[in-house]
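Asks: This is the structure I want to talk about, given as structure tokens.
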Amino acid sequence: MNKKSDPKPELDLKGALELSPSPERIPVTIRERYGHFIGGKFHDGTDDSLFETVNPATGEVLAHVAAATEAEVDKAVASARAAHTKVWGKMSGAERGKYLYRIARRMQEKSRELSAIETRDNGKPIRETRDVDIPLACAHFFYYAGWADKLEYALPGRQARSLGVAAQVIPWNFPLLMAAWKLAPALATGNTVVLKPAETTPLTAMFLAEILQEVDLPPGVVNIVNGAGATGGALVGHGDVDKVAFTGSTNVGRIIMRQIAGTKKKATMELGGKGAQIVFADAALDQAVEGTINGIFFNQGHVCCAGSRLLLEESIAEAFMERLQRRVETLRIGDPLDKNTDVGAINSAEQFATVQRYIDIGRSEGAKVWQGSATAVPDKGYFIPPTILSGMQQSDTCVREEIFGPVLSVLTFRTPDEAVKKANDSEYGLAAGVWSEKTSKLFEVAHRLNAGIVWANGYNLFDPASPFGGIRHSGFGREGGIAGLWPYLEVA
Amino acid sequence: MSRLSIEKTVKQYVGGKFIRSESGRVMASTGSDGRTVFVPQGSRKDLRDAVRIARKAQGAWAARTAYNRGQILYRLAEMLDGRSLPTSEADAIAAVDRAVHHAGWSDKITALLSTLNPVSGTYVNYSRIRPLGVLVVVPDPADGLLGMVEAACTCAVMSNSCILVVDASLGELAAAFSEALHTSDLPGGVVNVLTGNASELLAVASIHDDIDGLLLYGEQPDLAELQTEAAHVMRRIVQRTSATPAATPIELQQLAEVQTVWMSAYEPQGGAAVY
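And the structure:
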């Protein structure tokens, strides 16, 4: 019989599997310069507003992009208004739906190119863009296409109508997917849109604009303006916008809500989070390890609902950490275009600095910092290996604030009550996970968690049929499912 | 010789108790018999106390069965019906009928607003509605008793607790309504009634971080300020033009949050991407 001090027999997985590089080689055309997509046409934008979009894995400049001026934003909103009044708002739901189906199909056909562009522009592994981002973006259009002619069933007992022009501002973490989350329900419900992609990831939205042209979407139904905060501010503050939909940080969400205070604009805010991942001793531990990794290292942790707080039942904490670290040491960090890569690049120099700063804060507050990966961290580009902070207190900065990077904070608990209390002790309320093989415990804990989404024995699962969105400082409004229609409709 | 009438002291209703304002302040208002009544002028501290009490009451209220909550709200209708209320007969009747109407939603609204979502994966995925939490509610004085009943019942039927802030001009009616609440088996703290200057109390509510929502009826001159302050905690602000039509299901939904649960149905899968 093994004594406790005996080393456990283990396969040495780290570096056990040497893999040849397997880069995605599909040729993609990225133009040197992008402007805006207004009224069904591409516009160059102004020369003095150009900024670069960079491949964060290499530092290579991918394209120059113009930031929209107030005049250009105004033109885009006017174009959306005209399209709503003259075409889209009057079109039958069935016809609108057919356009959305067309978009979904064309995106599916071009999914390989979209994945390759997204991975270059964002830095996330091709495996994720190929298997998650792009297929889900297509699925959102396909899902909401089917709603367009069924809106009379969306509001119980009431006739629904569109709001008008929606201003949509999206983040850089899932560029095309967030565009789809925003556009699909807005278009299905008969609204027209001015979309502003994030300034570090504008490319797939411009590629989508080409698709919209190809499928003959009526001009002005979707307009896309590029730029950073100033453009976004001009867009959400525009007087002829009826609806503002934003995904991004809680701080920017606050700025937008203050900006539109006192107006009749309706809003949806999908903001930050500090998701708790509760693992009970009676969980299937290997699956919980996988779920923990999916929760925090998926997309380099650039996920608003990331499971960035791991709460372990004390009796299994040590053993779980061993399994977790062993598994993390098999994750391959490196070239995002390589199909073997698990962990890609941090999206920008700015975010890279933010994540590093939080790791430093964690260390200075007494956390034990552990980092692991199967491959060496590339010496160029913005890469941070999977990072686990242990020995944490509930009051530590890295337990309370959203880091938006591959950094997991670990805490322990003794009872379900304590787990729920710790999980709920956050200003945020976006998502949480709970792991147990006891169903009654899963239901009880899931329903007690103050979060808009709870995954029971899973994490970071998304589906167009499943409403997504937070409570408290994580925002309001839902995207996905029937609830995703409500923010874009009013009672007729 | 005519009998000398009893002048009833108008009080606020917090945590199941009839209280004066801690400030000791009162506002003069005209009672239903034309005589002057003195209505407590709710203070910042009254509101803070009420929020604390409402927060405590909310969890236990939501934990009751929907059937039980429905019966209690129906009991409120019973307690209002036939009571001597300082309002018009039409208002009293409408208010009683409204309480009956909302009582009936209690064990049905969840079925109407929840969904079972067919996701691609081995999960049973459902979206349920759960309460917002603690709301501060300002009924429109023009809506009379109906306004108070509509506000209180819509909050309570969605398992929230609330603090009604009633204009001093309706202080006497608010006190009468509170008596009905008190005798209706509604647990203390679920519906609380403060009286006084509504905009003064709203200004306090709008910087109180433990208030989840504001439910406002009629025109709100301070709306821009309230929304600006609400941005800090993403406080929900729900506006209604009038209490005359009962809140529809989709309006009741605004007093709740949608929570989506992915419940593993088969073997645990790990997550989205497969590492």
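Protein chains in written order, with my numbering: chain S, 16 to 507; chain Z, -18 to 256.
The C-beta atom is built at its ideal place from N, Cα and C for all residues, glycine as well.
Just so we're clear, the structure is a prediction, and the values are computed from it rather than from any experiment.
Please confirm if S/ALA203 has its CB atom under 8 Å from at least one CB of chain Z.
Replies: Not one chain Z Cβ lies under 8 Å of S/ALA203.
Asks: Would you say the region 267 to 278 of chain S touches the region 112 to 130 of chain S, given that touching needs at least three Cβ pairs under 8 Å?
Replies: As far as the Cβ criterion goes, the region 267 to 278 of chain S does not touch the region 112 to 130 of chain S, which means the pair count is below three.
Asks: With Z/ARG111 and Z/GLU232 assumed to form a contact (beta carbons below 8 Å), what rounded beta-carbon distance in angstroms separates them?
Replies: Not confirmed; about 17 Å, so no contact.
Asks: By DSSP's criteria, Z/ILE218 is part of a beta bridge. Which residues make up the other side?
Replies: Z/LEU195.
Asks: Along the chain, where does the alpha helix (DSSP H) containing S/CYS153 start, and where does it finish?
Replies: First-last of the alpha helix (DSSP H) with S/CYS153: 149 to 160.
Asks: Shortest alpha-carbon distance to S/ASP255 belongs to which of S/THR100, S/GLN228, S/PHE313, S/ALA160?
Replies: It is S/THR100.
Asks: Could you please give me the residues that DSSP links to S/ASN188 through a beta bridge?
Replies: Its beta-bridge partners do not exist; DSSP assigns none.
Asks: Check whether the Cβ of Z/PRO99 lies closer than 8 Å to any Cβ atom in chain S.
Replies: Closer than 8 Å to some Cβ of chain S, the Cβ of Z/PRO99 qualifies, so yes.
Asks: Any contact of the region 131 to 140 of chain Z with the region 66 to 86 of chain Z, i.e. 3+ C-beta pairs under 8 Å?
Replies: Judged by Cβ distances under 8 Å, the region 131 to 140 of chain Z makes contact with the region 66 to 86 of chain Z, as three or more pairs qualify.
Asks: With a Cβ-Cβ cutoff of 8 Å, do S/ALA109 and S/ALA175 count as a contact?
Replies: No, they are not a contact pair.
Asks: Would you say S/HIS317 faces chain Z, with C-beta separation under 8 Å as the test?
Replies: No - not a single Cβ of chain Z is within 8 Å of the one on S/HIS317.
Asks: State the DSSP-derived secondary structure class of S/GLY448, mapped to helix, strand or coil.
Replies: The answer is strand: DSSP assigns S/GLY448 an E or B state.
Asks: Drop a sphere of 10 angstroms on the beta-carbon of S/PRO140, count the other beta-carbons inside from all chains shown, and report buried for 16 or more, exposed for fewer.
Replies: Buried: at least 16 other Cβ atoms inside 10 Å.
Asks: What are the residues of the region 78 to 97 of chain Z that lie near chain S, defined by any Cβ-Cβ distance shorter than 9 Å?
Replies: So the close ones are LEU93, LEU94, THR96.
Asks: Rounded to the nearest angstrom, what separates S/VAL208 and Z/THR229 at their Cα positions?
Replies: Approximately 28 Å, taken between the alpha carbons.
Asks: Please state if the CB of S/MET284 and the CB of S/THR419 are separated by a distance shorter than 8 Å.
Replies: A small correction: the amino acid at residue 419 of chain S is Phe; Thr does not occupy that position in the sequence shown. No, they are not a contact pair.
Asks: Using three-state DSSP, classify Z/ASN98 as helix, strand or coil.
Replies: Three-state DSSP puts Z/ASN98 in a strand.
Asks: Does the beta carbon of S/VAL267 sit closer than 8 Å to a beta carbon anywhere in chain Z?
Replies: No, S/VAL267 does not count as interfacial toward chain Z.
Asks: For Z/LEU197, return the contacting residues in chain S, with the cut-off set at a CB-CB distance below 8 Å.
Replies: By Cβ distance, chain S contributes nothing, its closest Cβ being about 13 Å from Z/LEU197, past 8 Å.
Asks: Hey, quick one: how far does the alpha helix (DSSP H) through S/ARG120 stretch, first residue to last?
Replies: Note, S/ARG120: alpha helix (DSSP H), 108 to 124.
Asks: Would you mind reading off the limits of the beta strand (DSSP E) that contains S/GLY386?
Replies: In the sequence on display, residue 386 of chain S carries Gln and not Gly. First-last of the beta strand (DSSP E) with S/GLN386: 383 to 386.
Asks: Where does Z/ASN106 sit, in a helix, a strand or coil, going by DSSP?
Replies: If DSSP states are grouped into helix, strand and coil, Z/ASN106 belongs with the strands.
Asks: Who pairs with S/ARG324 in a beta bridge, going by DSSP?
Replies: According to DSSP, S/ARG324 bridges with S/ALA291, S/SER424.
Asks: Check whether chain S comes within 8 Å of Z/ALA253, counting only Cβ atoms and requiring the distance to be less than that.
Replies: In this prediction, Z/ALA253 scores a pLDDT of 49, lower than 50, which makes its location untrustworthy; the coordinate-derived value is nonetheless stated afterwards. Chain S, which has a Cβ nearer than 8 Å to the Cβ of Z/ALA253, makes this yes.
Asks: If the cut is a Cβ gap below 9 Å, which residues of chain S does Z/HIS189 touch?
Replies: Per Cβ cutoff of 9 Å: no residues; Z/HIS189 is ~14 Å from chain S at best.
Asks: For S/GLY277, return the contacting residues in chain Z, with the cut-off set at a CB-CB distance below 7 Å.
Replies: Residues of chain Z passing the Cβ test: LEU204, ALA205, GLN208.
Asks: Identify whether Z/ASN178 lies in helix, strand or coil by the three-state DSSP scheme.
Replies: Coil.
Asks: At a CB-CB cut-off below 7 Å, which residues of chain Z make contact with S/ALA199?
Replies: Simply none; closest approach about 16 Å.
Asks: Rounded to whole angstroms, how far is the Cβ of S/PHE428 from the Cβ of S/LEU339, which I believe are closer than 8 Å?
Replies: In fact, because the Cβ distance is near 16 Å, the residues do not count as touching under 8 Å.
Asks: On a Cα-Cα basis, can you pick out the residue from S/HIS462, S/LEU34, S/GLU452, S/ARG127 that is closest to S/LYS436?
Replies: Closest by alpha carbon: S/HIS462.
Asks: Looking at the C-beta of S/TRP162, does it have a partner C-beta in chain Z at a distance below 8 Å?
Replies: False, the Cβ-Cβ gap to chain Z never drops below 8 Å.
Asks: Got a sec: is the Cβ-Cβ distance from S/LEU170 to anything in chain Z below 8 Å?
Replies: Yes, because at least one Cβ of chain Z sits closer than 8 Å to the Cβ of S/LEU170.
Asks: Going residue by residue through the region 432 to 488 of chain S, where are the continuous beta strand (DSSP E) segments of at least 3 residues, counting only ones entirely within it?
Replies: The qualifying runs are 446 to 450, 468 to 471.
Asks: In the structure shown, what three-state DSSP assignment does Z/MET60 receive?
Replies: Z/MET60: helix per DSSP, three-state reduction.
Asks: Between which residues of its own chain and S/ASP411 is the CB-CB distance below 6 Å, once the five residues before and five after are set aside?
Replies: Here the set comprises GLU380.
Asks: If S/PRO515 sits next to S/GLU494, beta carbons under 8 Å apart, how far is it from one beta carbon to the other, in whole angstroms?
Replies: Only positions 16 to 507 of chain S appear in the structure, and residue 515 of chain S is not among them; the question remains open.
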